[in-house]
Structure formats: C-alpha cells, structure tokens
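Under the working numbering, the very last position in the sequence shown is 470; numbers go up by exactly one each time.
Where is the CB? At the ideal position from N, CA and C, for every residue including glycine.
Just below is one structure, and these are the notes that go with it.
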Amino acid sequence: MIFDKRESGQSVSPSISEIADALACSFEIESLAGSNIELYKEMCRIIADVFTIHPDCIMRVASAPRLARNVQEMYKLLTGAHLEMVAEKFNSCTYEIKNRVAWMRTALYNAPMEFDSYYTNQVNTDFGG
C-alpha cells in the first residue's frame with residue numbers, strides 16, 4: 342500500500358478517503374457504465390477500508406472468516422470492469438439488501454473469479470447460446 346512521508350519523516354498510512362480517491366482515479370470511475378457515480382465511490386471506499394485492515398486480521402467475507410491479506414489479494418485484481426459488473430448485479434437485485442457493505446465486500450471479493458462466467462452466462466441467456 343502507498344505510504345506518505347510527512348514532515349516528521351515518519352511513514353504515515355493514508356486515510357480511507359485518500360485511498361478511495363486514488364482507487365477512483367485508477368478505476369477511472371468517471372468513465373464507467375451507468376450513471377450512479379456514487380455507487381462506484383461507495384465501492385472504492387469499501388475497497389479502501391479493506392486495505393486499511395492489518396493483513397493478519399480475520400474478517401468475514403461471504404459469511405466465512407478469511408485472512409485480510411487474502412481478501413486484499415483478491416481486491417488487488419479488481420478492475421473498472423469488475424466494478425461495473427458488481428454495480429449491474431447490485432442494481433438488478435430484486436430483494437432487499439440488509440447489509441449493503443457486507444453484500445458489496447462479498448461481491449467485490451468474488452468479482453475477479455466470476456467475471457468471465459457472468460458475462461458468458463449473460464450472452465447465453467440473451468441469445469440462447
């Protein structure tokens with residue numbers, strides 16, 4: 342993760358906001374499909390939050406305890422296209438999402454693994470392939 346040198350000469354971890362802003366630039370969220378830029382910013386804040394967790398801590402993702410470092414490794418694979426897929430799935434939910442952050446964490450964690458199969462399934466459904 343990026344560390345910032347402050348005047349004292351010590352390394353200081355960036356804030357969640359700083360990380361989220363850097364992610365938003367890196368994912369180029371302004372150019373992503375869909376008009377809900379706030380949803381993309383929310384995803385960037387959730388990703389940033391995960392990167393501030395100590396790698397040896399245990400966190401819950403997809404109802405399972407996982408090492409934060411493993412979740413962080415999956416999140417490092419994310420691209421803007423993954424965020425678009427998660428936004429599309431979120432917007433098409435027909436049920437109430439009671440814990441939005443947990444839902445997003447899980448969807449973002451799974452996105453790199455299911456990206457290709459998700460769109461293949463979409464094409465097969467749309468065109469009967």
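Which class does Ala374 belong to by DSSP, given the choice of helix, strand or coil?
In the structure shown, the three-state DSSP call for Ala374 is coil.
If you count every other CB in all the chains shown that lies within 10 Å of the CB of Glu448, and 16 or more means buried, which is it?
Note that residue 448 corresponds to Ala in the displayed sequence, not to Glu. Buried, since its Cβ has 16 or more Cβ neighbours within 10 Å.
Please classify Arg386: is it buried, with 16 or more other beta-carbons within 10 angstroms of its beta-carbon, or exposed?
buried
Pick out the complete alpha helix (DSSP H) segments inside the segment 360–418, 4 residues or longer, and give them in chain order.
378–392, 409–417
Only counting the same chain, and skipping five residues up and downstream in sequence, which positions put a Cβ closer than 6 Å to that of Lys346?
With a pLDDT of only 47 at Lys346, under 50, the local geometry of the prediction cannot be trusted, and no value is derived from it.
Helix, strand or coil: how does DSSP classify Met342 here?
Confidence is the limiting factor: at Met342 the pLDDT is only 41, short of 50, which leaves the residue's position unreliable, though a coordinate-based value still follows. Coil at Met342, not helix or strand.
Smallest Cα separation from Cys366: which of Pro406, Lys382, Ile394, Phe431?
From the listed residues Pro406, Lys382, Ile394, Phe431, the smallest Cα separation to Cys366 is found for Lys382.
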